[in-house]
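For reference, the structure discussed in these notes is given below.
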Amino acid sequence: MKTDIMNHESEMLYAGHNACPGCGAALAVRYLTRALGPDLALVLTASCWSIITGMPPLTALKCPILHCPFPSAGSVGSGVRRGLNAKGQYDTTVVVLAGDGGTFDIGLQALSGAAQRNEDYMFVCYDNEAYMNTGMQTSSATPFGARTATAPYPLFKEGQKKDIMQIMAAHSIPYAATATVAFPEDMERKLKKAREIRGFRFIHILSPCPPGWGTESSDTIHLSRQAVATGFFPLYEIINGVSWKMTCQPEGKRLPLKEYLSGQRRFKQMEDVRIEALQEEVDHDWEVLLKRIEASK
Amino acid sequence: MLPEIVKEQVSYACGTEPCTVNKTGEWRFLTPGKAERPSPCNQGCLLDGEIPAWLEAVKLERWEEAWQIMSRRNPFPALTGYVCFHPCTENCNRGQLDRDIEIPAVEKAIGQWRLDHYKPKVKALTAKGRVAIVGSGPAGMSCAYYLNEAGYEVTVFEREKVIGGMFTLGIPEYRLPRRVLKKELDLLESEGIKFRTGCNIGSDIRLSELYAEFDEVFLASGAWKPRRAGISGEDSSGAWNALDFLKAVNSSSSPAIADPVVVIGGGNAAVDSARSALRLNGVNHVTLIYRRSRAEMPAGQVEVEAAEHEGVELICNALPREIEEDGQAVKSILLDHCKTSLEGLAIDRSRAFSKTCGTVIMALGQERDYTLFDTLEKSSVLFAGGDLISGPATVPEAINAGRNAAMAIMAKIEGLPGPGLPAAEQSPVKFEELNLGAKMNLQLQDVQADPSAEASRCLGCGTCNTCGICYLFCPDMAVDVVDGRYEFNLDYCKGCGICFKECPSRALAMEGGR
Numbered sequence: 000m001k002t003d004i005m006n007h008e009s010e011m012l013y014a015g016h017n018a019c020p021g022c023g024a025a026l027a028v029r030y031l032t033r034a035l036g037p038d039l040a041l042v043l044t045a046s047c048w049s050i051i052t053g054m055p056p057l058t059a060l061k062c063p064i065l066h067c068p069f070p071s072a073g074s075v076g077s078g079v080r081r082g083l084n085a086k087g088q089y090d091t092t093v094v095v096l097a098g099d100g101g102t103f104d105i106g107l108q109a110l111s112g113a114a115q116r117n118e119d120y121m122f123v124c125y126d127n128e129a130y131m132n133t134g135m136q137t138s139s140a141t142p143f144g145a146r147t148a149t150a151p152y153p154l155f156k157e158g159q160k161k162d163i164m165q166i167m168a169a170h171s172i173p174y175a176a177t178a179t180v181a182f183p184e185d186m187e188r189k190l191k192k193a194r195e196i197r198g199f200r201f202i203h204i205l206s207p208c209p210p211g212w213g214t215e216s217s218d219t220i221h222l223s224r225q226a227v228a229t230g231f232f233p234l235y236e237i238i239n240g241v242s243w244k245m246t247c248q249p250e251g252k253r254l255p256l257k258e259y260l261s262g263q264r265r266f267k268q269m270e271d272v273r274i275e276a277l278q279e280e281v282d283h284d285w286e287v288l289l290k291r292i293e294a295s296k
Numbered sequence: 000m001l002p003e004i005v006k007e008q009v010s011y012a013c014g015t016e017p018c019t020v021n022k023t024g025e026w027r028f029l030t031p032g033k034a035e036r037p038s039p040c041n042q043g044c045l046l047d048g049e050i051p052a053w054l055e056a057v058k059l060e061r062w063e064e065a066w067q068i069m070s071r072r073n074p075f076p077a078l079t080g081y082v083c084f085h086p087c088t089e090n091c092n093r094g095q096l097d098r099d100i101e102i103p104a105v106e107k108a109i110g111q112w113r114l115d116h117y118k119p120k121v122k123a124l125t126a127k128g129r130v131a132i133v134g135s136g137p138a139g140m141s142c143a144y145y146l147n148e149a150g151y152e153v154t155v156f157e158r159e160k161v162i163g164g165m166f167t168l169g170i171p172e173y174r175l176p177r178r179v180l181k182k183e184l185d186l187l188e189s190e191g192i193k194f195r196t197g198c199n200i201g202s203d204i205r206l207s208e209l210y211a212e213f214d215e216v217f218l219a220s221g222a223w224k225p226r227r228a229g230i231s232g233e234d235s236s237g238a239w240n241a242l243d244f245l246k247a248v249n250s251s252s253s254p255a256i257a258d259p260v261v262v263i264g265g266g267n268a269a270v271d272s273a274r275s276a277l278r279l280n281g282v283n284h285v286t287l288i289y290r291r292s293r294a295e296m297p298a299g300q301v302e303v304e305a306a307e308h309e310g311v312e313l314i315c316n317a318l319p320r321e322i323e324e325d326g327q328a329v330k331s332i333l334l335d336h337c338k339t340s341l342e343g344l345a346i347d348r349s350r351a352f353s354k355t356c357g358t359v360i361m362a363l364g365q366e367r368d369y370t371l372f373d374t375l376e377k378s379s380v381l382f383a384g385g386d387l388i389s390g391p392a393t394v395p396e397a398i399n400a401g402r403n404a405a406m407a408i409m410a411k412i413e414g415l416p417g418p419g420l421p422a423a424e425q426s427p428v429k430f431e432e433l434n435l436g437a438k439m440n441l442q443l444q445d446v447q448a449d450p451s452a453e454a455s456r457c458l459g460c461g462t463c464n465t466c467g468i469c470y471l472f473c474p475d476m477a478v479d480v481v482d483g484r485y486e487f488n489l490d491y492c493k494g495c496g497i498c499f500k501e502c503p504s505r506a507l508a509m510e511g512g513r
């Protein structure tokens with residue numbers, strides 16, 4: 000294996016947590032904590048992970064967790080960083096963990112503020128593309144055409160998924176990257192790279208959600224891999240908001256988007272025209288990304 | 000009050016306790032487990048040698064364990080690594096990705112480890128029984144090894160002056176280095192197996208005497224009787240039969256033979272003779288003549304290619320009619336053109352041609368020699384195997400026969416049930432079935448360095464090869480690392496099935512319920 004950590008001693012996640020079977024978020028945080036631990040302080044906003052870690056006195060992680068109100072993740076992270084600095088704990092990594100709701104919608108203003116101030120911590124968004132914890136309501140991270148609790152059949156999510164990476168790039172932060180659970184080596188490399196950088200860092204992790212997406216619990220890794228292979232969720236990093244770089248792309252041609260969508264019940268009754276529209280959107284974003292990468296070479 | 004288990008856990012976070020008290024295994028709706036299936040290499044293996052299992056042990060650099068697995072089926076990997084034609088490599092799934100695994104190299108390495116690290120065992124004072132083995136070739140050696148391991152007193156009778164049978168006298172040195180063979184044979188002797196050379200059963204000792212003296216007898220005297228062509232000139236001084244020729248070459252008494260040399264036959268003995276002849280002093284030209292087409296040659300393709308590469312001339316579709324003599328010496332050989340047809344061999348006498356030669360080596364195959372049985376006085380259960388029973392076959396087949404005989408003899412003496420019929424064959428894991436989606440997570444680069452790096456290229460079709468994908472992708476930390484290998488911890492497994500779906504080797508199965 001490429002990953003050098005293959006034993007429970009270096010893992011920060013305990014068995015017995017409350018995640019659903021096949022949870023992508025549990026995996027994402029497992030990779031996150033073992034890459035950054037053990038000297039780690041986690042700020043957690045309302046999200047699936049509030050449930051996964053369980054009620055005190057139990058915890059699912061070997062590091063301290065500070066639970067904060069939904070919109071305030073960005074600000075609490077700033078406070079924890081300054082507090083630790085005041086105590087002289089400059090080496091402790093501060094990570095703010097938020098779901099897509101706490102990042103794309105409710106937490107956006109605090110996130111934007113912290114990014115603009117270039118606060119010295121890492122903001123990690125694990126994106127399961129809806130408010131899964133409260134019952135799968137649409138968020139601005141939900142992709143076009145998906146059905147959710149607030150957009151049931153015959154409705155569907157209208158408008159495209161918010162491009163959070165462009166928003167973060169526009170803040171000219173030192174480091175921003177995308178990652179997903181099917182590529183743990185890539186994710187760990189980015190997290191370790193981010194840990195060494197001072198200033199605001201942003202990691203966007205696509206983490207499939209079997210109950211929310213309507214997939215088999217065993218398909219989590221497969222879907223995550225398909226998302227990359229179709230170009231729906233390319234893996235790249237942005238340095239200082241200008242230098243874009245692809246990090247991990249499977250060989251060969253991109254797969255048609257249909258292969259990614261067909262396994263998911265949230266896209267089940269999606270008409271062909273909408274699939275084509277989404278395919279066009281993905282193709283367009285892909286071209287734009289390639290141009291940006293080309294331009295920053 | 001917190002349950003006892005909580006107190007045992009070390010708490011890393013301030014004022015909190017690990018959630019390991021939640022036995023989330025109770026949620027489980029499907030249960031993962033290992034379900035190993037045959038791999039294509041094992042299907043090809045004449046010994047059913049558990050190839051992926053020892054490849055995995057070598058990958059982990061656990062040589063002792065690799066030897067234990069290997070010796071369950073093949074006690075002489077140092078020898079078979081050289082002489083076996085390795086049908087295992089023919090269907091290797093890895094070949095569809097880059098190139099086949101070098102199984103022979105790893106096999107040799109295990110054999111070499113065994114030769115280097117052998118330590119004599121302390122033997123029990125009383126043997127479980129006394130067994131005589133007739134013939135010290137591959138079958139006899141294999142039977143002797145297994146019986147001796149199990150605590151029997153074994154005596155091997157060999158009619159030649161040297162032990163090893165086909166290994167020593169049939170297989171040329173360039174295919175099996177004599178230093179390796181010598182070490183292996185010495186090792187058998189130092190393990191306590193008694194060898195009696197120059198002892199011909201039938202003339203020196205009667206078979207019935209063996210039956211009277213020993214608890215059981217295993218007959219593995221091989222198939223050394225040459226088949227004759229029945230053509231004129233066959234008995235002239237320049238005409239050899241292949242086994243006599245190989246025996247002469249291998250007993251290091253370089254036979255004086257006249258150039259050029261013609262070898263008749265298409266089997267392994269023919270190719271071995273041709274390549275051995277080419278290595279003798281004074282021989283410049285060797286021709287191999289076979290009656291059917293090249294594709295129909297029973298010899299291993301690698302051997303035929305190597306022979307051609309070395310300069311052996313190959314003539315196919317030619318049948319010898321007579322060996323022409325000049326006084327007593329061979330002058331030339333007259334050949335007819337022939338080809339395979341539905342009725343058999345169609346000989347075309349009109350297209351006869353002659354080939355000048357000084358020596359003719361006939362490798363037309365060997366026959367089983369049953370004269371040994373004639374001396375048997377009473378009829379009883381006989382244990383016999385190897386070429387004596389199967390006719391000329393390969394080394395691994397003989398080793399297998401020897402092993403089966405050892406098991407049957409032990410069963411008879413100890414009153415245990417004998418080796419049963421082989422289990423129904425499952426279909427091997429095909430390349431398409433493997434989950435190479437996890438390819439980017441695995442080290443699939445084409446590297447070739449030491450044996451353990453080579454073994455780590457094995458995709459472990461149908462067998463767990465400790466790749467660690469199940470551990471890496473488990474969201475519930477329910478895969479434990481036990482002694483370098485992975486095991487499910489069903490206390491916490493929620494049954495999501497990611498391990499099953501992602502296993503690159505297809506070595507797992509999910510069962511309904513807990």
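So the protein lines, in turn, are chains A and B. Residues 0 to 296 in numbering that gives the first Met the number 0 are what the first sequence spells out, letter by letter. Residues 0 to 513 in numbering that gives the first Met the number 0 are what the second sequence spells out, letter by letter. For glycine and all other residues, C-beta sits at the position ideal for the given N, C-alpha and C.
- Using a CB distance cut-off of 8 Å, K33 of chain B does not count as an interface residue toward chain A.
- Check the Cα spacing between G343 of chain B and each of B:S292, B:G357, B:A351 and B:L334: the tightest is with B:S292.
- Within the region 170 to 208 of chain A, the runs of alpha helix (DSSP H) at least 4 residues long that lie entirely inside it are, in chain order, 183 to 194.
- The shortest C-alpha to C-alpha distance from V93 of chain A to any of A:L35, A:A226, A:T246 and A:Q159 is the one to A:L35.
- The three-state reading of DSSP puts C67 of chain A in strand, counting E and B together.
- Against chain A, the CB of A362 of chain B has no partner CB under 8 Å away; the residue lies outside that interface.
- Interface flag for S138 of chain A against chain B is unset, since no Cβ pair is found closer than 8 Å.
- Judged by their CB atoms, P233 of chain A and T141 of chain A are not nearer to each other than the 8 Å cut-off.
- With distances taken between CA atoms, K411 of chain B lies nearest to B:V216 out of B:V216, B:A306, B:G483 and B:I263.
- The Cβ atoms of L287 of chain B and A306 of chain B sit closer than 8 Å to each other.
- V329 of chain B has its alpha-carbon roughly 53 Å from the corresponding atom of P37 of chain B.
- The beta carbon of C142 of chain B sits closer than 6 Å to the beta carbons of I132, F217, G401, A404 and A405 from its chain, once the five residues preceding and following it are set aside; these are given in chain order.
- When 7 Å is used as the limit between beta carbons, P55 of chain A is near these residues of chain B: T15, in chain order.
- In this structure, E323 of chain B sits near L333 of chain B, with a CB-CB distance shorter than 8 Å.
- Around the beta carbon of L12 of chain A, 16 or more other beta carbons sit within 10 angstroms, so the residue counts as buried.
- In this structure, DSSP gives D479 of chain B an extended state, which the three-state scheme calls strand.
- With three or more CB-CB distances shorter than 8 Å, the region 75 to 83 of chain A counts as touching the region 37 to 44 of chain A.
- With a cutoff of 8 Å on beta-carbon distance, K22 of chain B and Y470 of chain B are scored as not near each other.
- At a beta-carbon threshold of 8 Å, the residues of chain A lying near D479 of chain B are H7, ordered along the chain.
- In terms of Cβ geometry, A269 of chain B and A383 of chain B do not form a close pair [threshold 8 Å].
- Under the Cβ criterion of 8 Å, Y491 of chain B is counted among the residues facing chain A.
- Three or more Cβ pairs closer than 8 Å define a contact, and the region 110 to 118 of chain B falls short of that threshold against the region 360 to 368 of chain B.
- Listed along the chain, the chain A residues whose CB falls inside 8 Å of the CB of K22 of chain B are G15.
- Taking 8 Å as the threshold, the shortest C-beta distance from C87 of chain B to chain A does not fall below it.
- Q263 of chain A counts as buried, since at least 16 other C-beta atoms from the protein chains shown sit within 10 angstroms of its C-beta.
- At a beta-carbon threshold of 9 Å, none of the residues of chain B lie near P142 of chain A; the nearest stands roughly 22 Å away.
- If you ignore the 5 residues before and after L433 of chain B, its C-beta comes within less than 8 Å of the C-beta of N92, L458, C460, P503, S504 and R505, all in its own chain and listed in chain order.
- Going by C-alpha positions, W53 of chain B is about 19 Å away from R98 of chain B.
- In this structure H283 of chain A is exposed. Its beta-carbon is surrounded by fewer than 16 other beta-carbon atoms within 10 angstroms.
- A straight-line Cα-Cα distance of about 51 Å links E64 of chain B and D258 of chain B.
- DSSP places K127 of chain B in the coil class of the three-state scheme, outside both helix and strand.
- Close CB contacts of Y130 of chain A within its chain, under the 7 Å cut and outside five residues either way in sequence, are with G100, Q136 and S138 (chain order).
- Interface flag for K58 of chain B against chain A is unset, since no Cβ pair is found closer than 8 Å.
- For Y485 of chain B, the beta-bridge partners assigned by DSSP are B:V480.
- Assignment of C47 of chain A by DSSP, reduced to helix, strand and coil, places it in the helix class.
- P171 of chain B sits in coil when the DSSP states are folded into three classes, being neither helix nor strand.
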